[in-house]
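Q: The sequence shown begins at 0 in numbering that gives the first Met the number 0 and counts up one residue at a time.
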Amino acid sequence: MTTRRRVIVNLAAGAVVTALGGLVAVPALAQSFSPSDLDVAGPLGDVTLGKADAPVTIIEYASVTCSHCATFHANTFPALKEKYIDTGKVRFILREFPLDPLATAGFMLARCAGNDKYYPVTDMLFDKQQVWAFSDKPLDALLQLMKQAGFTQESFEACLKDQKVYDAVNAVKNRGVETFGVNATPTFFINGQKQSGALTVEELDKILTPLVGG
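Structure below.
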């Protein structure tokens, strides 16, 4: 039976597949999906960055244990935020697509931290991925990292035992698979257009420039 208890058992036992490279996207024909379908948030809602009425919406399905996702957030996201999100041209949404129990735990903790800390926590998880996701004792490493975000051991354990949060994180992933065919991380939907792989700044510019009017 798959429950949030299995997250804890798997982590404590060290039975975690950290997906060293994430899932590598295979080139495919571009697909488009209805923006209204994509706007349907998961049980806990979306945490958005940027103006609600921005002309472009980017939804990223990612795993905090995916190295390609970490590369995107280190190399591309800062420019995306400065040039497009902070200027009101792009609304950005990160959605949970955990590749393994450890990633599920990371996303659960980001949710438990609250909406105001969601992006600071996920940013930290991507930035420090090598420290915790590939540790010999990943649960211990994750706890030490989360203490920097204000967690205690008690609140850390309570979050990982929260069935509602566990189910919500997995509901987002399952809908991504079943409705939008997400099978690799990172996967982006840019105004409904599906793009797979860790996009570079140059690739994003080519896509976004005509959409935001130069």
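Glycine included, each C-beta is placed from N, C-alpha and C at the ideal position.
Specify, as a first and last residue, the run of the alpha helix (DSSP H) that S66 falls within.
A: Its alpha helix (DSSP H) spans residues 66 to 74.
Q: Our contact map puts K88 next to V200 with C-beta atoms below 8 Å; I'd like the distance itself, whole angstroms only.
A: 14 Å between Cβ atoms; not a contact.
Q: Can you name the residues that DSSP bridges to I92?
A: In the DSSP output, where bridge partners are listed per residue, I92 has T47, I58.
Q: When we look at the beta-carbon of N169 and count the other beta-carbons within 10 Å, is it buried (16 or more) or exposed?
A: That one is buried.
Q: Between which residues of its own chain and L142 is the CB-CB distance below 7 Å, once the five residues before and five after are set aside?
A: Excluding residues within five positions, the ones whose Cβ falls inside 7 Å are Q152, F155.
Q: Excluding the 5 residues preceding and the 5 following G180 in the sequence, name in chain order all residues of the same chain whose CB lies nearer than 8 Å to its CB.
A: Taken in chain order, the residues that qualify are Q30, K193.
Q: Please identify the residue among A197, T186, K205 whose C-alpha is closest to the C-alpha of L37.
A: Nearest option by C-alpha distance: T186.
Q: Exposed or buried, which one is D99 when buried takes at least 16 other CB atoms within 10 Å?
A: It is buried - the Cβ of D99 has at least 16 other Cβ atoms within 10 Å.
Q: Should G191 and F96 be called a contact, given that it needs their Cβ atoms to be closer than 8 Å?
A: No.
Q: For the candidate residues S66, A102, L207, P34, whose alpha-carbon lies nearest to that of L138?
A: That would be A102, whose Cα lies nearest to the Cα of L138.
Q: What residue ranges within the segment 81 to 163 form continuous alpha helix (DSSP H) runs of no fewer than 4 residues, ordered along the chain?
A: Those alpha helix (DSSP H) runs which fall completely within the segment 81 to 163 and span 4+ residues are 100 to 111, 114 to 126, 128 to 131, 137 to 146, 152 to 159.
Q: In or out: K172 buried (at least 16 other Cβ within 10 Å) or exposed?
A: Classification for K172: buried.
Q: With distances taken from CA atoms, which of P54, L79, I92, M107 is nearest V164?
A: With distances taken between Cα atoms, V164 lies closest to M107.
Q: Could you check whether L207 and Y118 sit closer than 8 Å to each other, using their CB atoms as the reference points?
A: Not in contact: Y118 and L207 (Cβ atoms no closer than 8 Å).
Q: Quick check on the DSSP output: the alpha helix (DSSP H) that includes T184 runs from which residue to which?
A: No alpha helix (DSSP H) holds T184; DSSP gives it neither H nor E.
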